[in-house]
Each structure stands twice: as C-alpha cells, then as structure tokens.
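Those sequence lines, one after another, are chains A and B.
Under the working numbering, residues 142 to 615 are what the first sequence spells out, in order.
Under the working numbering, residues 355 to 454 are what the second sequence spells out, in order.
Every residue gets a Cβ at the ideal spot worked out from N, C-alpha and C, and that includes glycine.
Keep in mind the model is a prediction, meaning the values are calculated, not measured.
Report on one structure; see the data block that follows.
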Amino acid sequence: MSLNIADFVSSSPLMAVTATALLLILVEASRKGRPGLSFTLSMAGLFAASVFAVVNYSDEQIVFFGMLRQGWYANFLNLVFLSAAMLTVLVSKPYLERQGAHRGEYYILILFATIGMMFMAGANDLIVVFLGIELMSLCLYVLAGFFRTKDTSNESALKYFLLGAFATGFLLYGITLIYGTAGTTNLEAISKNLPTLSSQWMFMVGVGLLLTAFAFKVAAVPFHMWAPDVYEGAPTTVTAFMSTGAKAAAFATFVLLFHQVFQFTGSKVNDLIAYIAAASMVLGNVIAIAQANIKRMLAYSSIAHAGYMLSGIAAGNSEGQTGILFYLVAYTLMNVGAFGIVGLMEKVDDQNLQLDDYTGLSQQRPFLAALMAIFMFSLAGVPPFAGFFGKYYVFLSAVKADMTWLAVVGVMTSLVSAYYYLRIVVLMYFRDGKGDVAAQPAIPALVAVTSSAILLLQFGIFPSFIVNAVQKLF
Amino acid sequence: MPDIQPYLILSATLFVIGAAGVVARRNAIIVFMSIELMLNSVNLSLVAFSAQLGDVTGQILVFFVMTVAAAEAAIGLAIVIALFRRKQTLNLDEINILKW
C-alpha cells in the first residue's frame, strides 16, 4: 500500500482548502494585524476549491485506503459548503470591522471548519465521520465565542461547547457499538453486512446513538435546546455559517449513513425519524411566532427547516435524497442571505436586532428591503423561489413513502411559518418607521446577499439544473 | 478470544455516570469532567472490542479520541476562562442572559 497521486487529484477540493488554511496560519504568524490579506487569500482558496469540485464532478471512487469516497456526492456538497463559506467570508469582513473584531484567525477557523464539513460529506469510514464532525465543531465553538469580551458571545460558546461535547460522547459510543458488532468501521463493509447486523440489538443501539448525535447536530427536536441560545449569542456572520454550512454537513452525513449505509426503509427507525421531523416542524414554527429578536426567530425557523429536511430522510427513497440535497442548496442561500442582512442592520452592542427595528426599512433602504423580502418569501416556501421547490421535493418523497401524514404536518406548519416570515415583509413595507442599517452597506456584503438572492431566483425558476446534477448521483 | 463482557458493562456504567453528571451538575468544569468521563468510558469499550476482534482499528480510534479530547479540553478551558473573567462564576444557572 502506498499513497498515489490520483488520490490527491480526486480529493483536490479538500486539498486546496487545507493548503490555504495552512498558508493562512503562516501569513498570520508573520504579518500580525493585517487581516485584509487573509480575507483575500481565503476567498481565493475557497474559489479554487470550488473550481476543483466542479472539475472533479465525476464517478465515485474510494481513495486513501478506503477512508474517503470522492465523486459526485462529495463534490455536490463541497460546492454547498464552499458557497456557504465564501458568502460568509464576504459578509464577515465589513461586519467584523464595524464590531472592532476583524482579526485574521477568523478566516483560518472558517477554513478549518469547512475542511471538517468536506470530510463529513466525503467519508467512507466512521473514523473519518468522527474526525470531520470534531474538526468542524471545535472551530465553531471558538467562532461562537469570537467576541470574547461580550457576555452573550461567551455564553453562547460555552453552551455550544458543553452540549456539543455531550453529543460527541453519544456519537462515539454509537460508533463503538457498531464497530464492536460489525468488526469494522468501513461504511461499505457495514452496508454489505447490514441484513445480519440489523438483527443484533447492540448494533441497533449503536445506530440509535448515532441518530441521537446527528439529531443534535442538525438541531432537531428534542435535541434542539442549544440552537436558539447559540444562534442568538454568536456573532451574526458566524450564526450564518453555523446554521447553513454546519447543518448542511450534518445532513450530508445523515443522508450518507441513513440512506446509503443503514437502509431501514419502512422500518421503525424511519418511523422514529418521521416523529422527530414532525416534532421539529411543529415546535420550531410555533415558538418562532413568539420571538421578538430576529436572530432567535431565525434560529427557531432553522429548527423547523431541519424538520422539513428530516422528512426526506424518514421517507428513505431516492426522491427524499434529491429533495434534501436540493433543500440544502436553497436553505444555504436563503439563510446566509437573511443573516447577512441581519448583520448589515446590526449596530455595535447588539442594537438593531429586534423585529421592530425593521419597521419602514423599505423607505430608507429599498434595495436591502427587497432582498430581505426575497429571503423571507423563499424561507416561507413561496414560488418562484428555490425554497418552494425544496419543500415540494421533500414532501413529495414523504407522500411516495406512504407517510402522507408527515407531508400534511409539513404543509400545515409551513402555513404557520408564513405568518412570522411575512410579518417582517409587512413591517418593512406597510409600516412607517425609521428602520435603517448600521452603516453604509459595504460592497463585499452587498455582493454576497445579492448573489444569494439571484441564485435563489434562478434555482427557483429552473430547479432542473440542480435536480439533474443530483439525480446523476443515484 | 477473551471474555469482554465485564469490560463492556463497566464501560456502559461509566458512560451513564458521565451522562448523569452532565445533566445533574451545575458547575461548568464538573460538567466538562463528566463529558471526559463519557469519552474515556467509550475508549474502554473500544479497546475491549479491539482485543476481542483481534483488529487494530479500535485502538487507532482510541488514539484519535484522546487527541480530539485534548483539543476539546484546550478549547473548552479557554472558553471557561473567557467567561469567568467577565462573570466571576461558573454556575450554569447564573449563565443565563440568553433565554426566551
């Protein structure tokens, strides 16, 4: 056994981000206090990695001694993570400058978290799943506490860290029990022996523990308690990254494990996932109505969106996989966009974060108000935006899997969600007020939110572009 | 093939004690120690399975777990120190600005 060049070529997106992250550490060590260069370099590295991901969008192959699986699936999700990272980096620079915390290590942490996500999507071994989750989570704990002199940021980091590490314990115990019964951590080998393994209670306990850990990572009910606190307290741009990239990565592994390895379609496991999905949709959407803080409202909405996506996993069919992957693209674009605008509105010391602060925004900033309206309509699932087709595909998959009740719950709770999303649109357009941004919006942030809105509209009008790319997978 | 059942029972017991500690204790450091107990109880299971299967993967995973636990400790204690500097408390019930 020896390393060969082809392995490095087929995992080139991963390698590109890793090289950039290591280079940035050197740059930061030698040029203290010049974060502008780190910003440029990280954008260049992420862009190069996206190009590699497009070039390598091909047959799946097992690389690095059965540890990684690179190909369509990994690269499709790599593109989602890389776009989330690029949009976050773009909105972060002006935001951090305004908050007086523009330091280069921010970009290093974002890059390493992205590497962890890419490991999770390309994993072919439970060890790599574990390492990917930890690499991503450890970076996110630090990022959540990045404003280290702010009480809310500290508290959010501590809560995220303690509950995240707690979930890691469950993940690890699950991996251990699976290893003990299957005799291997390789996902392909486990998948082959699944019929004999699934009759062993210890294996099923392991699967249950993995399910718990992933339900925690995607913030699904009843493991959602951390999400509102962490999303509210963390710096807004970090919340944008956590709620999109980290959630997409957790779903990438969720789909990988529960669709492609543990195929329990129609079994009690899938019923259990369906109940988790229904509970997340109901609880997330109902509690979001009562929120006055926009970051907290979007946190509860992200719990509900986790529920929508979980119904695709519960369905367990190929429509479900297509639906989740489409949903992840739409969700990433609309959530980074929405949090990007929240970041533009936010003033120093957590001012301007209440829903009321958006009153009359359309008179002061018609362009930003229009973009925010697009994101809100898309989150609510109104056509022609991509959010609509995401919901359509996951609910369709639930119906095809004889889980019509789940689709009904999904549609009903989407109606509830329209109330709180559209309330922002009403406040911005039909109320007089003095809603205004913190400062003149900076170009990078404007570029990021505008391009998310354009892509949302494009994928909403031509969903086949993504669907074709995804269906090549299965 | 060694009989690993006692080790698995011990490991499961330690795991439950750790999880109970996370839920019941209110001091951030003690909660963190309970989490470490959970991770190390898993290590015990891994080594036991590894010995039973005659396969080295479990022991390799143990090394990864120890490395990750060390990194986690560094980050966790840094977060705790940053918080303690501002609030002078580690009682989780008093760390409660964020709530609805």
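Could you name the residues of the same chain whose beta carbon sits closer than 6 Å to that of residue i, not counting the 5 residues immediately before and after it, in chain order?
i        : result
A/Leu568 : Tyr499, Thr500
B/Gly375 : Ser388
B/Leu415 : Leu400
A/Thr353 : Phe311
What did DSSP end up calling residue i once you bin it into helix, strand or coil?
i        : result
A/Gln495 : strand
B/Gln359 : helix
B/Asn450 : coil
A/Leu270 : With the sequence shown as reference, residue 270 of chain A is identified as Val, and Leu is not the correct amino acid for it. Three-state DSSP puts A/Val270 in a helix.
A/Gln404 : coil
A/Arg210 : strand
A/Asn295 : helix
A/Lys488 : strand
B/Asn445 : strand
A/Asn476 : helix
B/Asn381 : strand
A/Asn609 : helix
A/Asn327 : strand
A/Leu313 : helix
A/Val578 : coil
A/Tyr198 : coil
A/Pro585 : helix
A/Thr290 : coil
A/Leu155 : helix
A/Ala308 : helix
A/Met366 : coil
A/Ser278 : helix
A/Gly321 : helix
A/Phe188 : helix
A/Pro670 : One cannot answer for residue 670 of chain A here, as it falls past the ends of chain A, which runs 142 to 615.
A/Pro604 : coil
A/Asn145 : coil
A/Val359 : coil
What residues from chain A crowd round residue i, counting only those whose CB sits closer than 7 Å?
i        : result
B/Val422 : Glu275
B/Asp409 : Gly324
Got a sec? Which residues, its chain only, sit under 8 Å from residue i by beta carbon, not counting five neighbours each side?
i        : result
A/Ala389 : Leu218, Val221, Phe222, Ala225, Met258, Leu469, Tyr472, Thr473
A/Val359 : Lys388, Ala391, Phe392, Phe395, Ala447, Met450, Leu451
A/Cys280 : Leu250, Ile251, Phe253, Ala254, Gly257
A/Lys575 : Thr500, Gly501, Gln505
B/Gln413 : Leu400, Val401, Ser404
Can you list the residues of chain B that residue i reaches, using a CB-CB cut of under 7 Å?
i        : result
A/Val150 : Those do not exist, as A/Val150 stays about 26 Å from chain B at its closest Cβ, beyond 7 Å.
A/Phe364 : Residues of chain B passing the Cβ test: none, with the nearest at roughly 13 Å.
A/Asn334 : Simply none; closest approach about 14 Å.
A/Ala298 : Ile433
Ordered along the chain, which non-local residues of its own chain (more than five positions away) have a Cβ less than 7 Å from that of residue i?
i        : result
A/Thr554 : Met422, Val423, Asn426, Ala445
A/Glu460 : Tyr534, Leu537, Ser538, Lys541
A/Leu182 : Thr161, Leu164, Leu165, Val168
A/Lys436 : Tyr372, Glu373, Thr377, Thr380, Val483, Leu494
A/Phe180 : Val230, Lys234, Tyr248
A/Met156 : Phe149
A/Lys300 : Trp367, Asp370, Val371
A/Ile203 : Arg210, Asn265
A/Tyr282 : Ala298, Tyr301, Phe302, Gly305
A/Thr325 : Ile331
Tell me, please, which residues DSSP counts as bridged to residue i.
i        : result
A/Ile203 : A/Arg210
A/Asn264 : Per the sequence presented here, residue 264 of chain A reads as Ala, with Asn not at that position. A/Ala264 is bridged to A/Leu209.
In chain A, what lies closer than 9 Å to residue i by C-beta?
i        : result
B/Leu364 : Those do not exist, as B/Leu364 stays about 14 Å from chain A at its closest Cβ, beyond 9 Å.
B/Gly430 : Tyr282, Leu299, Phe302, Leu303, Ala306
B/Met392 : Ala306, Phe307, Thr309, Gly310, Phe311, Leu313, Tyr314
B/Ile383 : Simply none; closest approach about 11 Å.
B/Val396 : Gly310, Leu313, Tyr314, Ile316, Thr317
B/Leu400 : Leu313, Ile316, Thr317, Tyr320, Gly321
B/Gly375 : Chain A residues near B/Gly375: none, gap ~10 Å exceeds 9 Å.
So which residues of chain B does residue i contact, with C-beta pairs closer than 9 Å?
i        : result
A/Gly347 : Under the 9 Å cutoff, chain B gives no residues; its nearest Cβ is about 11 Å from A/Gly347.
A/Phe271 : Leu415, Phe418, Val419, Val422
Name, please, each residue of chain A whose Cβ falls closer than 8 Å to the Cβ of residue i.
i        : result
B/Glu448 : The contacting residues do not exist; B/Glu448 stays about 10 Å from chain A at best.
B/Phe369 : Gly310, Tyr314
B/Phe403 : Thr317, Tyr320, Gly321
B/Ala436 : Gly286, Arg289, Asn295, Ala298
B/Ala378 : Per Cβ cutoff of 8 Å: no residues; B/Ala378 is ~13 Å from chain A at best.
Give the interface partners of residue i over in chain B, defined as CB-CB distance under 8 Å, in chain order.
i        : result
A/Thr293 : Ile451, Leu452
A/Asp370 : Leu452, Lys453
A/Leu496 : Those do not exist, as A/Leu496 stays about 14 Å from chain B at its closest Cβ, beyond 8 Å.
- Please specify which runs of the beta strand (DSSP E), each continuous and at least 3 residues long, are wholly inside the stretch 222–253 of chain A, giving them in chain order. none
Practice problem: Please list the segments of the alpha helix (DSSP H) lying wholly inside the stretch 392–443 of chain B, counting only runs of 4 or more residues, in order along the chain. | Solution: 411–441
Fully enclosed by the stretch 399–460 of chain A, which alpha helix (DSSP H) runs are 4 residues long or longer? As far as the stretch 399–460 of chain A is concerned, its whole alpha helix (DSSP H) runs of at least 4 residues are 409–430, 435–456.
What residue ranges within the stretch 490–575 of chain A form continuous alpha helix (DSSP H) runs of no fewer than 4 residues, ordered along the chain? Counting only runs of 4 or more, we get 502–505, 507–521, 527–541, 545–571.
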